Amino acid sequence: MPPSDQYAVQTYAPGDEPQHQPAVLVSTMDYVPGFEIVSTFGEVFGLVVRSRNMFSNIGASFRTVFGGEARGYTQLLSDTRNEAVHRLRLEAEALGGNAVLSMRFDTGVFADVMNEVAAYGTAVLIRPIGSGTDE
Numbered sequence: 316m317p318p319s320d321q322y323a324v325q326t327y328a329p330g331d332e333p334q335h336q337p338a339v340l341v342s343t344m345d346y347v348p349g350f351e352i353v354s355t356f357g358e359v360f361g362l363v364v365r366s367r368n369m370f371s372n373i374g375a376s377f378r379t380v381f382g383g384e385a386r387g388y389t390q391l392l393s394d395t396r397n398e399a400v401h402r403l404r405l406e407a408e409a410l411g412g413n414a415v416l417s418m419r420f421d422t423g424v425f426a427d428v429m430n431e432v433a434a435y436g437t438a439v440l441i442r443p444i445g446s447g448t449d450e
């Protein structure tokens, strides 16, 4: 029994088209209280590399001189992280999982113009404790 759709996050591509949102719970914890792990499918990844907008680079240059938040970069990183988690969910669902546990992020920069975000964790199949047959 997969977790409720309440865990699905609304994510939109750069073209603003709605994407399939698998009902896959993503948690930084190693377990889900009240649930048991039925199967473990292994490590899954969501990887996104995005280039920075030239205008964001110019705006960020002014921010380094005068101080303040580089909103263009903040939005880029937020969108990139959301997309990485979306891809992580899709990969877990493709393996038969309904949850990703121990999820972590890793970030990087390439050639000072591209941001990379990797979301990774362990894909598992979980069910509420006591809902299945004991084997």
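Numbering (this note's numbering), first residue to last: 316 to 450.
We put the CB at the ideal spot given by N, CA and C, even for glycine.
Computed from a predicted structure; not experimentally measured.
Query, Result
"7 Å Cβ shell around P348 - same chain, five flanking residues per side excluded", "none"
"Inter-residue spacing [alpha-carbon to alpha-carbon] between V424 and N430", "5 Å"
"Per-residue burial, R419 [other beta carbons within 10 Å of its own, 16 or more giving buried]", "exposed"
"For Y346, the nearest candidate out of S417, Y388 and A338 (CA to CA)", "S417"
"Exposed unless 16 or more other CB atoms sit within 10 angstroms - verdict on T389", "exposed"
"Whole-Å CB distance - L362 paired with R404, under 8 Å assumed", "That pair is no contact at about 13 Å."
"Separation of D421 from R386, as counted between CA atoms", "21 Å"
"Cβ-Cβ separation, V359 to L410 (assumed contact under 8 Å), whole Å", "7 Å"
"Whole-angstrom C-beta distance between V428 and S366, which should lie under 8 Å", "6 Å"
"DSSP state of G445 mapped onto helix, strand, coil", "coil"
"Simplified DSSP state of A414, which is helix, strand or coil", "strand"
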